[in-house]
Amino acid sequence: MLNFRALLFILGIFLSALTGFMLIPLSLAVYLGEATSGAFARSCLYCGVAAAICLHNGQKKRLQLNIRDMFILTSLTWIIVSLFAALPFTIYIGINYTDAFFETMSGITTTGSTILSGLDDMDRSILIWRSLLQWFGGIGFIVMAVAILPFLNVGGMRLFRTESSDWSDKTVPRTQLMAKHLLFAYCSLTLLCYVAFHYSGMSWFDAINHAMGTLSTGGFSTSDKSMAAFSNQAQWFAILFMISGALPLLLFVYSLQQSSLKVWNDAQVKGFLIFICIVSLSLGSWLSHVKDMPFMDALRLSTFNVVSVITTTGFGLTDFDSWGTLASITLFFLLFVGGCSGSTSGGIKIFRFQIAAAVMVQQLKQQFHPKSVFKSRYNNQIINQEIVNSLVTFMLLFILLFVIITVILVATGLDLVTSISGSITAISNVGPGIGKVIGPSSNFASIPNVAKWALAIGMLMGRLEILTVAVLFHPKFWRF
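One rule links them: number in my numbering = place in the sequence shown (from 1) + 18.
The structure is reproduced here in C-alpha coordinates:
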(Lines of atoms letter the chains of each structure in order from A and count residues from 1; the text may use other names and numbers.)
(Lines give C-alpha, C1' and ligand atoms only; values in the text may rest on other atoms or scores of the structure.)
Protein backbone atom coordinates (compact mmCIF):
# COMPACT_ATOMS: atom_id res chain seq x y z
CA MET A 1 0.00 0.00 0.00
CA LEU A 2 1.00 3.59 -0.53
CA ASN A 3 2.30 5.42 2.52
CA PHE A 4 0.09 8.48 2.14
CA ARG A 5 1.08 10.06 5.43
CA ALA A 6 4.78 9.74 4.70
CA LEU A 7 4.28 11.25 1.24
CA LEU A 8 2.27 14.13 2.71
CA PHE A 9 4.92 14.82 5.33
CA ILE A 10 7.76 14.95 2.80
CA LEU A 11 5.69 17.17 0.50
CA GLY A 12 5.14 19.43 3.49
CA ILE A 13 8.90 19.68 3.99
CA PHE A 14 9.43 20.70 0.37
CA LEU A 15 6.62 23.26 0.53
CA SER A 16 8.11 24.64 3.74
CA ALA A 17 11.44 25.04 1.97
CA LEU A 18 9.67 26.76 -0.93
CA THR A 19 7.98 29.14 1.52
CA GLY A 20 11.38 29.97 2.98
CA PHE A 21 12.77 30.67 -0.49
CA MET A 22 9.82 33.00 -1.20
CA LEU A 23 10.84 35.13 1.77
CA ILE A 24 13.98 36.18 -0.10
CA PRO A 25 12.23 37.99 -3.01
CA LEU A 26 9.58 39.22 -0.55
CA SER A 27 12.26 40.85 1.61
CA LEU A 28 13.92 42.34 -1.47
CA ALA A 29 10.59 43.69 -2.73
CA VAL A 30 9.85 45.31 0.65
CA TYR A 31 13.36 46.78 0.86
CA LEU A 32 13.18 48.25 -2.67
CA GLY A 33 9.54 49.30 -2.32
CA GLU A 34 8.42 47.18 -5.28
CA ALA A 35 4.77 46.40 -5.93
CA THR A 36 5.59 42.69 -6.01
CA SER A 37 5.65 42.53 -2.21
CA GLY A 38 1.90 41.88 -2.07
CA ALA A 39 2.13 39.03 -4.58
CA PHE A 40 4.97 37.34 -2.71
CA ALA A 41 3.25 37.85 0.65
CA ARG A 42 0.08 36.15 -0.61
CA SER A 43 2.10 33.37 -2.23
CA CYS A 44 4.01 32.79 1.02
CA LEU A 45 0.72 32.58 2.89
CA TYR A 46 -0.84 30.07 0.49
CA CYS A 47 2.30 27.95 0.33
CA GLY A 48 2.86 28.08 4.09
CA VAL A 49 -0.71 27.01 4.86
CA ALA A 50 -0.43 24.10 2.41
CA ALA A 51 2.88 23.07 3.99
CA ALA A 52 1.37 23.18 7.50
CA ILE A 53 -1.59 21.04 6.41
CA CYS A 54 0.72 18.45 4.82
CA LEU A 55 3.03 18.35 7.85
CA HIS A 56 0.15 18.08 10.31
CA ASN A 57 -1.68 15.30 8.48
CA GLY A 58 1.52 13.48 7.60
CA GLN A 59 2.98 13.29 11.10
CA LYS A 60 4.46 9.90 11.77
CA LYS A 61 7.10 8.59 14.15
CA ARG A 62 8.94 6.75 11.43
CA LEU A 63 8.96 7.38 7.69
CA GLN A 64 8.98 4.22 5.62
CA LEU A 65 9.03 4.50 1.85
CA ASN A 66 8.90 1.58 -0.54
CA ILE A 67 9.95 1.68 -4.18
CA ARG A 68 6.44 2.63 -5.33
CA ASP A 69 6.39 5.55 -2.91
CA MET A 70 9.75 6.74 -4.23
CA PHE A 71 8.51 6.82 -7.83
CA ILE A 72 5.39 8.76 -6.84
CA LEU A 73 7.26 11.14 -4.54
CA THR A 74 9.89 11.95 -7.18
CA SER A 75 7.28 13.08 -9.71
CA LEU A 76 4.74 14.54 -7.30
CA THR A 77 7.26 16.78 -5.56
CA TRP A 78 8.26 18.59 -8.76
CA ILE A 79 4.62 19.03 -9.82
CA ILE A 80 3.28 20.31 -6.49
CA VAL A 81 6.22 22.65 -5.91
CA SER A 82 5.82 24.08 -9.43
CA LEU A 83 2.08 24.64 -8.92
CA PHE A 84 2.74 26.82 -5.87
CA ALA A 85 5.93 28.45 -7.17
CA ALA A 86 3.97 29.81 -10.15
CA LEU A 87 1.73 31.95 -7.92
CA PRO A 88 3.93 35.12 -7.78
CA PHE A 89 4.04 35.29 -11.58
CA THR A 90 0.31 35.06 -12.12
CA ILE A 91 -0.63 37.22 -9.10
CA TYR A 92 1.70 40.13 -9.87
CA ILE A 93 2.42 40.12 -13.60
CA GLY A 94 -1.16 39.11 -14.37
CA ILE A 95 -0.22 36.51 -16.96
CA ASN A 96 -2.48 33.49 -17.33
CA TYR A 97 -1.67 30.46 -15.23
CA THR A 98 -0.43 28.50 -18.26
CA ASP A 99 2.35 31.03 -18.83
CA ALA A 100 3.11 31.21 -15.10
CA PHE A 101 3.35 27.42 -14.80
CA PHE A 102 5.46 27.19 -17.97
CA GLU A 103 7.92 29.79 -16.62
CA THR A 104 8.06 28.04 -13.25
CA MET A 105 8.47 24.53 -14.62
CA SER A 106 11.17 25.84 -16.94
CA GLY A 107 12.94 27.36 -13.96
CA ILE A 108 12.67 24.51 -11.48
CA THR A 109 13.71 21.91 -14.07
CA THR A 110 16.63 24.22 -14.98
CA THR A 111 15.46 24.35 -18.60
CA GLY A 112 15.63 28.12 -19.11
CA SER A 113 12.89 28.57 -21.70
CA THR A 114 10.96 31.76 -20.99
CA ILE A 115 7.80 33.58 -21.99
CA LEU A 116 8.91 36.87 -20.38
CA SER A 117 10.46 39.86 -22.12
CA GLY A 118 11.56 43.29 -20.94
CA LEU A 119 13.83 41.68 -18.33
CA ASP A 120 16.14 44.72 -18.16
CA ASP A 121 13.31 46.82 -16.66
CA MET A 122 11.56 44.08 -14.67
CA ASP A 123 11.23 44.20 -10.87
CA ARG A 124 14.28 42.74 -9.21
CA SER A 125 12.24 40.54 -6.89
CA ILE A 126 10.73 38.71 -9.88
CA LEU A 127 14.18 38.27 -11.46
CA ILE A 128 15.68 36.89 -8.25
CA TRP A 129 12.71 34.53 -7.89
CA ARG A 130 13.35 33.07 -11.36
CA SER A 131 17.00 32.51 -10.47
CA LEU A 132 16.16 30.97 -7.09
CA LEU A 133 13.81 28.50 -8.78
CA GLN A 134 16.65 27.29 -10.98
CA TRP A 135 19.13 27.14 -8.12
CA PHE A 136 16.64 25.24 -5.94
CA GLY A 137 15.83 22.82 -8.76
CA GLY A 138 19.52 22.26 -9.50
CA ILE A 139 20.50 21.07 -6.04
CA GLY A 140 17.24 19.14 -5.75
CA PHE A 141 18.00 17.17 -8.88
CA ILE A 142 21.61 16.49 -7.86
CA VAL A 143 20.49 14.94 -4.56
CA MET A 144 17.83 12.95 -6.42
CA ALA A 145 20.36 11.74 -9.04
CA VAL A 146 22.80 10.62 -6.34
CA ALA A 147 20.41 9.16 -3.75
CA ILE A 148 17.22 8.10 -5.54
CA LEU A 149 17.60 7.40 -9.27
CA PRO A 150 20.38 4.77 -8.90
CA PHE A 151 18.18 3.08 -6.27
CA LEU A 152 15.27 3.00 -8.74
CA ASN A 153 17.60 1.70 -11.50
CA VAL A 154 16.56 4.47 -13.88
CA GLY A 155 18.16 4.59 -17.32
CA GLY A 156 21.35 2.73 -16.46
CA MET A 157 22.13 4.95 -13.48
CA ARG A 158 22.70 1.91 -11.23
CA LEU A 159 26.32 2.26 -12.39
CA PHE A 160 26.56 5.29 -10.10
CA ARG A 161 25.02 3.65 -7.06
CA THR A 162 26.61 4.74 -3.78
CA GLU A 163 25.77 4.39 -0.10
CA SER A 164 23.50 7.38 -0.58
CA SER A 165 21.31 5.37 -2.95
CA ASP A 166 20.99 2.27 -0.75
CA TRP A 167 18.02 3.53 1.31
CA SER A 168 18.41 0.96 4.06
CA ASP A 169 18.09 1.96 7.72
CA LYS A 170 21.87 1.88 8.16
CA THR A 171 22.62 4.19 5.27
CA VAL A 172 20.01 6.92 5.84
CA PRO A 173 22.33 8.92 8.17
CA ARG A 174 25.08 8.65 5.55
CA THR A 175 22.61 9.85 2.92
CA GLN A 176 21.83 12.91 5.02
CA LEU A 177 25.56 13.60 5.50
CA MET A 178 26.18 13.27 1.77
CA ALA A 179 23.33 15.71 1.07
CA LYS A 180 25.01 18.24 3.36
CA HIS A 181 28.33 17.80 1.57
CA LEU A 182 26.66 18.23 -1.81
CA LEU A 183 24.89 21.39 -0.65
CA PHE A 184 28.17 22.80 0.70
CA ALA A 185 29.96 22.13 -2.61
CA TYR A 186 27.04 23.59 -4.59
CA CYS A 187 26.96 26.76 -2.47
CA SER A 188 30.75 27.12 -2.64
CA LEU A 189 30.79 26.88 -6.44
CA THR A 190 27.92 29.36 -6.65
CA LEU A 191 29.84 31.81 -4.46
CA LEU A 192 32.98 31.43 -6.57
CA CYS A 193 30.93 32.02 -9.70
CA TYR A 194 29.39 35.14 -8.15
CA VAL A 195 32.85 36.53 -7.29
CA ALA A 196 34.13 35.81 -10.81
CA PHE A 197 31.14 37.51 -12.46
CA HIS A 198 31.36 40.52 -10.16
CA TYR A 199 35.09 40.79 -10.86
CA SER A 200 34.36 40.74 -14.61
CA GLY A 201 32.21 43.87 -14.35
CA MET A 202 28.71 42.66 -13.48
CA SER A 203 26.75 44.46 -10.76
CA TRP A 204 26.22 42.49 -7.56
CA PHE A 205 22.61 41.80 -8.57
CA ASP A 206 23.46 40.58 -12.08
CA ALA A 207 26.35 38.52 -10.70
CA ILE A 208 24.28 36.63 -8.11
CA ASN A 209 21.47 35.95 -10.56
CA HIS A 210 23.78 34.67 -13.26
CA ALA A 211 25.80 32.65 -10.74
CA MET A 212 22.64 30.78 -9.71
CA GLY A 213 21.61 30.33 -13.34
CA THR A 214 25.07 29.13 -14.37
CA LEU A 215 25.76 26.52 -11.64
CA SER A 216 22.24 25.15 -11.98
CA THR A 217 22.77 25.05 -15.78
CA GLY A 218 19.44 26.86 -16.00
CA GLY A 219 20.17 29.90 -18.13
CA PHE A 220 17.71 32.52 -16.88
CA SER A 221 19.21 36.00 -17.26
CA THR A 222 18.45 39.49 -16.01
CA SER A 223 18.68 40.91 -19.53
CA ASP A 224 16.89 40.19 -22.79
CA LYS A 225 20.35 40.07 -24.38
CA SER A 226 21.37 37.31 -21.93
CA MET A 227 25.18 36.99 -21.66
CA ALA A 228 25.68 39.25 -24.70
CA ALA A 229 24.97 42.17 -22.36
CA PHE A 230 28.20 41.52 -20.44
CA SER A 231 31.94 41.51 -21.05
CA ASN A 232 33.99 38.90 -22.89
CA GLN A 233 35.66 38.07 -19.58
CA ALA A 234 32.27 37.32 -18.02
CA GLN A 235 31.49 35.03 -20.95
CA TRP A 236 34.70 33.03 -20.43
CA PHE A 237 33.89 32.72 -16.73
CA ALA A 238 30.41 31.54 -17.72
CA ILE A 239 31.98 28.83 -19.89
CA LEU A 240 34.10 27.63 -16.97
CA PHE A 241 31.23 27.46 -14.48
CA MET A 242 28.72 26.02 -16.96
CA ILE A 243 31.16 23.14 -17.40
CA SER A 244 31.50 22.90 -13.60
CA GLY A 245 27.72 22.66 -13.26
CA ALA A 246 27.62 19.85 -15.83
CA LEU A 247 30.24 17.75 -13.97
CA PRO A 248 29.26 15.27 -11.22
CA LEU A 249 29.06 17.30 -8.01
CA LEU A 250 30.19 14.26 -6.03
CA LEU A 251 33.61 14.59 -7.65
CA PHE A 252 34.02 18.04 -6.09
CA VAL A 253 33.01 16.56 -2.72
CA TYR A 254 35.45 13.66 -3.03
CA SER A 255 38.22 16.03 -4.13
CA LEU A 256 37.79 18.07 -0.95
CA GLN A 257 37.53 15.00 1.27
CA GLN A 258 40.54 13.19 -0.20
CA SER A 259 42.61 16.27 -1.13
CA SER A 260 43.43 14.50 -4.36
CA LEU A 261 42.74 14.94 -8.05
CA LYS A 262 42.74 11.16 -8.69
CA VAL A 263 38.95 11.09 -8.43
CA TRP A 264 38.85 13.07 -11.67
CA ASN A 265 40.25 10.07 -13.53
CA ASP A 266 36.70 9.27 -14.57
CA ALA A 267 35.67 8.03 -18.03
CA GLN A 268 32.54 10.14 -18.06
CA VAL A 269 34.34 13.37 -17.14
CA LYS A 270 37.22 12.82 -19.56
CA GLY A 271 34.85 11.96 -22.39
CA PHE A 272 32.73 15.02 -21.67
CA LEU A 273 35.67 17.45 -21.61
CA ILE A 274 37.34 15.98 -24.69
CA PHE A 275 34.06 16.13 -26.61
CA ILE A 276 33.60 19.83 -25.73
CA CYS A 277 37.17 20.67 -26.83
CA ILE A 278 36.87 18.86 -30.17
CA VAL A 279 33.49 20.36 -31.11
CA SER A 280 34.37 23.87 -29.92
CA LEU A 281 37.71 23.98 -31.75
CA SER A 282 36.21 22.54 -34.92
CA LEU A 283 33.27 24.94 -34.96
CA GLY A 284 35.49 27.88 -33.99
CA SER A 285 37.96 27.17 -36.80
CA TRP A 286 35.14 26.83 -39.30
CA LEU A 287 33.47 30.04 -38.07
CA SER A 288 36.74 31.97 -38.25
CA HIS A 289 37.29 30.82 -41.83
CA VAL A 290 33.74 31.27 -43.15
CA LYS A 291 32.87 34.52 -41.35
CA ASP A 292 36.38 35.96 -41.61
CA MET A 293 36.57 36.93 -37.93
CA PRO A 294 39.56 36.84 -35.53
CA PHE A 295 40.18 33.29 -34.33
CA MET A 296 39.88 34.12 -30.60
CA ASP A 297 36.50 35.81 -31.15
CA ALA A 298 35.32 32.83 -33.19
CA LEU A 299 36.60 30.45 -30.51
CA ARG A 300 34.82 32.39 -27.74
CA LEU A 301 31.53 32.44 -29.65
CA SER A 302 31.72 28.79 -30.67
CA THR A 303 32.87 27.55 -27.25
CA PHE A 304 30.22 29.54 -25.41
CA ASN A 305 27.37 28.29 -27.60
CA VAL A 306 28.64 24.69 -27.66
CA VAL A 307 29.07 24.61 -23.88
CA SER A 308 25.74 26.38 -23.31
CA VAL A 309 23.92 23.74 -25.40
CA ILE A 310 25.82 20.62 -24.24
CA THR A 311 25.52 21.56 -20.57
CA THR A 312 21.83 22.38 -21.24
CA THR A 313 22.30 25.84 -19.70
CA GLY A 314 20.83 27.72 -22.64
CA PHE A 315 22.43 31.13 -22.11
CA GLY A 316 22.21 33.26 -25.23
CA LEU A 317 25.19 35.07 -26.70
CA THR A 318 24.53 35.37 -30.40
CA ASP A 319 21.98 34.11 -32.89
CA PHE A 320 23.82 31.02 -34.14
CA ASP A 321 21.06 30.47 -36.71
CA SER A 322 22.78 33.24 -38.71
CA TRP A 323 26.03 31.26 -38.85
CA GLY A 324 24.74 28.95 -41.56
CA THR A 325 23.30 25.48 -41.94
CA LEU A 326 26.38 23.58 -40.71
CA ALA A 327 26.46 25.44 -37.37
CA SER A 328 22.70 25.12 -36.90
CA ILE A 329 22.61 21.40 -37.56
CA THR A 330 25.65 20.82 -35.33
CA LEU A 331 24.09 22.69 -32.41
CA PHE A 332 20.76 20.93 -33.06
CA PHE A 333 22.36 17.51 -32.58
CA LEU A 334 24.14 18.81 -29.47
CA LEU A 335 20.69 19.44 -27.95
CA PHE A 336 20.45 15.67 -27.39
CA VAL A 337 23.79 15.18 -25.66
CA GLY A 338 23.72 16.66 -22.15
CA GLY A 339 26.36 16.62 -19.41
CA CYS A 340 27.41 14.10 -16.79
CA SER A 341 25.30 12.03 -14.45
CA GLY A 342 25.01 13.53 -10.96
CA SER A 343 25.18 17.10 -12.28
CA THR A 344 22.52 19.75 -12.84
CA SER A 345 22.53 19.28 -16.62
CA GLY A 346 19.85 17.49 -18.62
CA GLY A 347 19.94 15.65 -21.94
CA ILE A 348 20.65 12.00 -22.62
CA LYS A 349 23.94 12.26 -20.68
CA ILE A 350 27.45 11.43 -21.84
CA PHE A 351 27.69 8.12 -19.99
CA ARG A 352 24.83 6.61 -21.98
CA PHE A 353 26.59 7.32 -25.26
CA GLN A 354 29.77 5.81 -23.83
CA ILE A 355 27.99 2.67 -22.66
CA ALA A 356 26.23 2.33 -26.02
CA ALA A 357 29.62 2.63 -27.77
CA ALA A 358 31.15 -0.02 -25.49
CA VAL A 359 28.26 -2.41 -26.15
CA MET A 360 28.53 -1.76 -29.89
CA VAL A 361 32.26 -2.60 -29.85
CA GLN A 362 31.48 -5.78 -27.91
CA GLN A 363 28.91 -6.83 -30.51
CA LEU A 364 31.35 -6.14 -33.36
CA LYS A 365 33.96 -8.34 -31.68
CA GLN A 366 31.33 -11.02 -31.18
CA GLN A 367 30.68 -11.06 -34.93
CA PHE A 368 34.32 -11.92 -35.63
CA HIS A 369 34.63 -14.38 -32.74
CA PRO A 370 31.16 -15.93 -32.21
CA LYS A 371 32.33 -18.51 -29.68
CA SER A 372 34.27 -16.08 -27.53
CA VAL A 373 32.88 -14.33 -24.47
CA PHE A 374 33.42 -10.58 -24.23
CA LYS A 375 32.50 -8.40 -21.26
CA SER A 376 32.06 -4.67 -21.73
CA ARG A 377 33.35 -2.43 -18.98
CA TYR A 378 32.73 1.17 -18.05
CA ASN A 379 34.88 2.88 -15.41
CA ASN A 380 36.23 -0.57 -14.48
CA GLN A 381 32.71 -1.87 -13.87
CA ILE A 382 31.16 -4.67 -15.89
CA ILE A 383 28.18 -3.53 -17.93
CA ASN A 384 25.66 -6.25 -17.13
CA GLN A 385 22.48 -7.00 -19.04
CA GLU A 386 20.32 -5.22 -16.46
CA ILE A 387 22.11 -1.93 -17.13
CA VAL A 388 21.89 -2.42 -20.89
CA ASN A 389 18.15 -3.16 -20.69
CA SER A 390 17.55 -0.07 -18.55
CA LEU A 391 19.54 2.10 -20.94
CA VAL A 392 17.77 0.77 -24.05
CA THR A 393 14.39 1.36 -22.39
CA PHE A 394 15.38 4.93 -21.56
CA MET A 395 16.54 5.64 -25.11
CA LEU A 396 13.36 4.22 -26.65
CA LEU A 397 11.16 6.23 -24.29
CA PHE A 398 13.23 9.34 -25.00
CA ILE A 399 12.61 8.96 -28.75
CA LEU A 400 8.92 8.14 -28.20
CA LEU A 401 8.40 11.21 -26.00
CA PHE A 402 10.25 13.35 -28.54
CA VAL A 403 7.94 12.13 -31.34
CA ILE A 404 4.75 12.58 -29.27
CA ILE A 405 5.53 16.16 -28.22
CA THR A 406 6.65 17.06 -31.75
CA VAL A 407 3.34 15.79 -33.16
CA ILE A 408 1.38 17.76 -30.54
CA LEU A 409 3.28 20.94 -31.39
CA VAL A 410 2.73 20.45 -35.13
CA ALA A 411 -0.99 19.87 -34.42
CA THR A 412 -1.19 23.28 -32.72
CA GLY A 413 -0.08 24.97 -35.94
CA LEU A 414 3.64 25.43 -35.29
CA ASP A 415 6.07 24.83 -38.14
CA LEU A 416 8.19 21.67 -38.25
CA VAL A 417 11.50 23.29 -37.25
CA THR A 418 9.92 24.97 -34.23
CA SER A 419 8.10 21.78 -33.24
CA ILE A 420 11.16 19.52 -33.51
CA SER A 421 13.58 21.89 -31.78
CA GLY A 422 10.98 22.88 -29.16
CA SER A 423 10.37 19.23 -28.29
CA ILE A 424 14.03 18.30 -27.91
CA THR A 425 14.99 21.49 -26.07
CA ALA A 426 12.22 20.80 -23.52
CA ILE A 427 13.04 17.12 -22.98
CA SER A 428 16.78 17.83 -22.78
CA ASN A 429 16.16 20.88 -20.55
CA VAL A 430 18.27 23.15 -22.77
CA GLY A 431 16.12 26.29 -23.10
CA PRO A 432 16.16 28.03 -26.48
CA GLY A 433 15.23 26.19 -29.65
CA ILE A 434 16.11 26.77 -33.28
CA GLY A 435 14.34 29.03 -35.78
CA LYS A 436 12.65 32.42 -35.73
CA VAL A 437 9.86 31.52 -33.29
CA ILE A 438 11.76 30.03 -30.32
CA GLY A 439 15.37 30.54 -31.41
CA PRO A 440 18.16 32.20 -29.36
CA SER A 441 16.83 35.69 -30.19
CA SER A 442 13.18 34.88 -29.36
CA ASN A 443 11.12 33.32 -26.56
CA PHE A 444 8.13 31.00 -26.10
CA ALA A 445 5.45 33.64 -25.46
CA SER A 446 3.85 33.37 -28.90
CA ILE A 447 3.25 29.62 -29.01
CA PRO A 448 -0.24 28.23 -28.19
CA ASN A 449 -1.19 27.28 -24.63
CA VAL A 450 -1.57 23.60 -25.54
CA ALA A 451 2.00 23.62 -26.83
CA LYS A 452 3.21 25.22 -23.58
CA TRP A 453 1.58 22.50 -21.47
CA ALA A 454 3.07 19.80 -23.71
CA LEU A 455 6.51 21.37 -23.40
CA ALA A 456 6.13 21.75 -19.62
CA ILE A 457 5.36 18.03 -19.35
CA GLY A 458 8.38 17.33 -21.56
CA MET A 459 10.58 19.43 -19.26
CA LEU A 460 9.40 17.49 -16.21
CA MET A 461 9.84 14.07 -17.79
CA GLY A 462 13.24 14.99 -19.19
CA ARG A 463 14.41 16.32 -15.82
CA LEU A 464 13.26 13.15 -14.04
CA GLU A 465 14.92 10.85 -16.58
CA ILE A 466 11.59 9.91 -18.26
CA LEU A 467 11.34 6.40 -16.78
CA THR A 468 10.53 7.83 -13.34
CA VAL A 469 7.36 9.40 -14.72
CA ALA A 470 6.57 6.85 -17.43
CA VAL A 471 6.29 4.02 -14.91
CA LEU A 472 3.32 5.81 -13.28
CA PHE A 473 1.28 5.22 -16.44
CA HIS A 474 1.66 1.44 -16.27
CA PRO A 475 -1.57 -0.19 -14.91
CA LYS A 476 0.34 -2.74 -12.81
CA PHE A 477 2.07 0.06 -10.91
CA TRP A 478 -1.21 0.93 -9.18
CA ARG A 479 -2.27 -2.60 -8.31
CA PHE A 480 -1.96 -3.38 -4.63
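No residue lacks a Cβ here, since even glycine has one placed at the ideal position from N, Cα and C.
Beta-carbon gap between residue i and residue j smaller than 8 angstroms
i	j	result
F39	F154	yes
L419	A469	no
F290	I368	yes
S502	L44	Because the chain spans 19 through 498 in this model, residue 502 falls outside it and cannot be assessed.
T362	T92	no
I475	F416	no
T128	G302	no
L26	N75	yes
G356	T330	yes
A197	V172	no
L267	G360	yes
S424	I438	As written in the sequence, residue 424 is Thr, which differs from the Ser given in the question. Yes, the pair counts as a contact, with Cβ atoms nearer than the cut-off.
L46	R148	no
S206	Q152	no
R60	I97	no
N397	D224	no
P503	G431	No answer is possible for residue 503: it lies beyond the span of the chain, which begins at 19 and ends at 498.
F495	R86	yes
I373	I401	yes
W304	L353	no
V379	G342	no
Nearest-angstrom beta carbon gap, residue j and residue i [assumed within contact, 8 angstroms]
i	j	result
I42	L209	Their Cβ separation, rounded to whole angstroms, is 16 angstroms, which puts I42 and L209 out of contact at 8 angstroms.
L456	P450	Reading off the sequence, residue 456 comes out as Ile, not Leu. 7 angstroms between Cβ atoms; contact.
S298	V324	5 angstroms
L29	T95	7 angstroms
Q276	F322	At roughly 32 angstroms, the Cβ-Cβ gap does not stay under 8 angstroms, so Q276 and F322 are not in contact.
Q399	F392	The pair is not a contact, with the Cβ atoms about 15 angstroms apart (cut-off 8 angstroms).
L349	V327	5 angstroms
L269	V287	7 angstroms
L473	A444	4 angstroms
S346	I452	6 angstroms
L20	I71	With a Cβ gap of about 18 angstroms, L20 and I71 do not count as contacting.
Q82	A24	6 angstroms
Nearest residue (CA-CA) to residue i, options the options
i	options	result
R318	C295, P458, I31, F350	C295
K454	S340, L269, R395	S340
M477	V448, M311, Q194	V448
K243	L274, N84, F333	F333
F22	A53, M88, F351, R395	M88
S459	V421, F338, A24	F338
A203	S239, A375, G156	G156
F293	A444, F371, M314	F371
A68	L36, V48, A47	L36
V410	G51, A375, R395	A375
M479	P466, N467, G364	G364
S262	G231, L195, F495	G231
I166	S464, L482, M311, L265	L482
A256	I226, Q77, G431, G440	I226
A264	Y212, L382, A163, F351	A163
L335	I373, G130, F248	F248
C65	F351, I31, E52, V48	I31
I111	C72, L145, Q82	L145
D117	N461, F313, Q194	N461
D138	F238, M123, P493	F238
F351	N407, H492, S446, V271	S446
W471	C358, S320, Y115, V48	Y115
L195	V271, L414, F412, P168	V271
Below-8 angstroms beta-carbon distance, residue i vs any chain C residue
i	result
V425	Reference to chain C is not applicable here, since this structure consists of a single protein chain.
The ligand PLP heavy atom lying under 7 angstroms from the CB of residue i
i	result
M140	Judged by which ligands are present, the structure shown has none, so any question about the ligand PLP falls away.
Item to check | At least three beta-carbon pairs within less than 8 angstroms, the region 132-140 to the region 97-106 | outcome: no
Item to check | Runs of alpha helix (DSSP H) lying entirely within the region 277-312, each at least 4 residues, in chain order | outcome: Under the rule that a run must span 4 or more residues, the alpha helix (DSSP H) segments found entirely inside the region 277-312 read 285-309.
Checklist entry - Along the chain, which unbroken stretches of the alpha helix (DSSP H) at least 4 residues long are found entirely within the region 364-431? => result Those alpha helix (DSSP H) runs which fall completely within the region 364-431 and span 4+ residues are 368-386, 403-429.
Next on the checklist: Does the region 239-258 come into contact with the region 210-221, if we say contact requires no fewer than three beta-carbon pairs (one atom in each stretch) closer than 8 angstroms?
Outcome noted: yes
Next on the checklist: Ignoring anything shorter than 4 residues, give me the alpha helix (DSSP H) runs that lie fully in the region 23-88, in order along the chain.
Outcome noted: 55-75
Checklist entry - In the region 245-276, which residue ranges form an unbroken beta strand (DSSP E) of at least 3 residues, counting only runs that do not cross its ends? => result none
Checklist entry - What are the start and end residues of each continuous beta strand (DSSP E) run of 3 or more residues lying completely inside the region 213-248, in chain order? => result none
Checklist entry - Which full runs of the alpha helix (DSSP H) of 4+ residues lie inside the region 90-140, going along the chain? => result 115-126
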